[in-house]
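Step one of this worksheet: look at the structure below.
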Amino acid sequence: MFAMMEAARLEALHLTQDPDTGLKAIIAIHNTRLGPALGGCRYLVYPDEQSAIRDAARLAQGMSYKAALAGLQQGGGKAVIIRPAHVDNRAALFEAFGRFIETLNGRYITAVDSGTSSADMDCIAQHTQHVTSTTEEGDPSPHTAMGVFAGIRATAMARLGSADLQGLRVAIQGLGNVGYALAEQLHAAGVELLVSDLDRGRVQLAVEQLGAHAVASAALLATPCDILVPCGLGGVLNGETVGQLRCSAVAGAANNQLASADIADTLQARGILYAPDYVINAGGLIYVALRHRGESPVAITAHLQQISLRLTEIYAHAQADKGSPARVADALAERLLYG
Ligand code: NAD
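Convert by adding 1 to the 1-based position in the sequence shown; the result is the number in my numbering.
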C-alpha cells in the first residue's frame, strides 16, 4: 500500500466503512500544496477493493495536475464509493459519506463524478459544506464546453495561423452534455460540423438544428477535417487509431484521450497538434471550484478564458523544445506541484 502511495506521490489515503448503510469509501488526497484537494466522487462496482483504491489514487493525481494548470488554489483528490450489489437507502449511504468528508476538516472537497448525481451531492451537503455540484450549483458541463471552445480557438491559432473558426471542418465524437453544447458554439462561429454519436437521436438533432453532417461512429476518427474533437470516452487515441487520423489538430473534452503517453509523441511526429485533455477540459473544474469559493459569474467566465492562454503557453514551449504539448503540460504541472 505504501509503495503504491509513494509511486503516485499520494499525500494521504482515507478509508471508512459503515455497516448500517453499506458505505465503503476511499478518499485519496494527492497534493494540497496549492489548496484543499478537490475532485469527484465515483460510485461504481469494482472487482476488488485494491482496484478501487488504485482508481482513487490515479484519479486524484490527475486532479492535482488539472487544478494546477487551471490556475486554481486547489489540490487534487478523488473519492471512490464501492457500489454494493444492493443498497436499501441510497440517500442514507451518501449522508454517511458526507459525515466522513466532514471528519477531514476541509482537506477534501467532493463533486459529481461517474455514477453520482447532484441529488447525491445534496445528501452529502446535509452533513458537510465541503461539497460542490449540488442541485443548486447546477451542471458544470456548459462551462466545460465553454473552456473547450476557447481552447479550440487557441489550437486553431497555433496550428492554422488564425483563431477565426469560420469555415473550418470540425469533427466531434460524442454529442453528450459537453459535446452538444460545444457543437452549438462552433456552429455559431461558422464551423462546418461533422458529428457522430452512438445515440442516433443526438446526431439527428445536430443535423436538424445545427446543419451538421452525420458520420458513422466507426468512420469519424478517419474523416478528413481541420480539428478532431473527442467528447465521448477516454482511450480514443491509441496504437490502432492514431495512424488513421486525417486532421491538423486534436482538441476535445474527453478525459484520458491518450491510451498511453507515447501516443503524444506519435501525434507530434505526424504533425498533429494535441491539446492536452486535462488542460482544455478544465472548465467544469474551474466552475465548481470558483462557485464553491463564492466567485461571481463574471469572474468565473474570465477565468475560463485563461484556458486558451495556458494552451498557447504550452504550444509555444512545445514548439521551442520540439516536444509534445502533453509532455510540456505534465512538466509544467509538476513544477507547480513540486518545484
Ligand atoms: P456524456 O455521457 O453526456 O456524453 C458522452 C457522449 O458520447 C454520449 O452521447 C455517448 O453516446 C457518446 N459516445 C460514447 N462513445 C462514443 C463513440 N465511440 N462514438 C461516438 N459517440 C460516442 O458525457 P459528457 O459529460 O458530455 O462528457 C464527455 C467527455 O468529457 C467524457 O470523457 C468526460 O469524462 C469528459 N469531461 C466532461 C466534463 C463535464 O463537465 N461533463 C468535464 C471534463 C471532462
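Beta carbons are placed, not taken as given, at the ideal position from N, Cα and C, and that holds for glycine. Please read all numbers here as calculations on a predicted model, not as lab measurements.
Item	Value
Beta carbon shell of the ligand NAD at less than 6 Å from a heavy atom	141, 142, 145, 174, 175, 176, 177, 178, 179, 180, 197, 198, 199, 200, 203, 218, 232, 233, 234, 235, 254, 255, 256, 282, 285
Inter-residue spacing [alpha-carbon to alpha-carbon] between residue 327 and residue 87	41 Å
The stretch 105 to 118 contacting the stretch 28 to 42, beta-carbon criterion three pairs below 8 Å	yes
Endpoints, beta strand (DSSP E) assigned at residue 229	228 to 231
Proximity winner among 25, 316, 250, 155, relative to residue 268 (alpha-carbon distances)	250
Whether residue 283 touches residue 146 by CB criterion (9 Å)	no
Stretch-stretch touch, CB-based, cutoff 8 Å, three pairs: the stretch 213 to 221 with the stretch 193 to 201	yes
Nearest neighbour of residue 304, chosen from 126, 80, 144, 28 [CA to CA]	144
For residue 19, the residue or residues it bridges with in DSSP	24
Element boundaries [beta strand (DSSP E), containing residue 297]	Note, residue 297: premise wrong, no beta strand (DSSP E); not H, not E.
Neighbour-count burial assignment, residue 134, 16 or more Cβ in a 10 Å radius	buried
Completely contained beta strand (DSSP E) runs for the stretch 96 to 151, where each covers 3 or more residues	109 to 113
Inter-residue Cα distance where the pair is residue 186 and residue 227	17 Å
Assumed close pair residue 132, residue 102 - CB separation to whole angstroms, cut-off 8 Å	7 Å
Pairwise C-alpha distance: residue 207 and residue 223	20 Å
Reference residue 310; option with closest CA among 158, 241, 291	158
Distance CB(residue 330)-CB(residue 66) smaller than 9 Å	yes
Three-pair Cβ contact test at 8 Å for the stretch 312 to 328 versus the stretch 284 to 293	no
From 74, 49, 69, 78, residue whose alpha carbon lies closest to that of residue 59	78
Alpha helix (DSSP H) segment containing residue 223, residue limits	Taken as a continuous stretch (DSSP letters only), residue 223 belongs to no alpha helix (DSSP H), as it is neither H nor E.
Member of 258, 252, 253 whose CA lies at the smallest distance from the CA of residue 242	258
Residue 163 burial status per 10 Å Cβ neighbour count (16 or more: buried)	exposed
Cut-off 6 Å between Cβ atoms - residues of its own chain near residue 231, not counting five sequence neighbours on either side	174, 237, 253, 255, 258
For residue 276, the nearest candidate out of 149, 288, 338 (CA to CA)	149
Coarse secondary structure for residue 241, derived from DSSP in three states	coil
Start and end residues, beta strand (DSSP E) containing residue 174	170 to 174
Reduced DSSP secondary structure (H/G/I, E/B, other) of residue 79	strand
Delimiting residues of the alpha helix (DSSP H) encompassing residue 1	Since the first residue shown for the chain is 2 and the last is 340, residue 1 is missing from the structure and cannot be characterised.
N-terminal and C-terminal residue of the alpha helix (DSSP H) that residue 193 is part of	It is not in any alpha helix (DSSP H) - residue 193 instead sits in the beta strand (DSSP E) that spans 193 to 197.
Buried or exposed by the 16-neighbour rule on C-beta atoms within 10 Å, applied to residue 12	buried
Min CB distance residue 322 to chain B below 9 Å	Looking for chain B here will not work: only one protein chain is present.
Cβ pair residue 281, residue 156 closer than 9 Å	yes
Simplified DSSP state of residue 273, which is helix, strand or coil	coil
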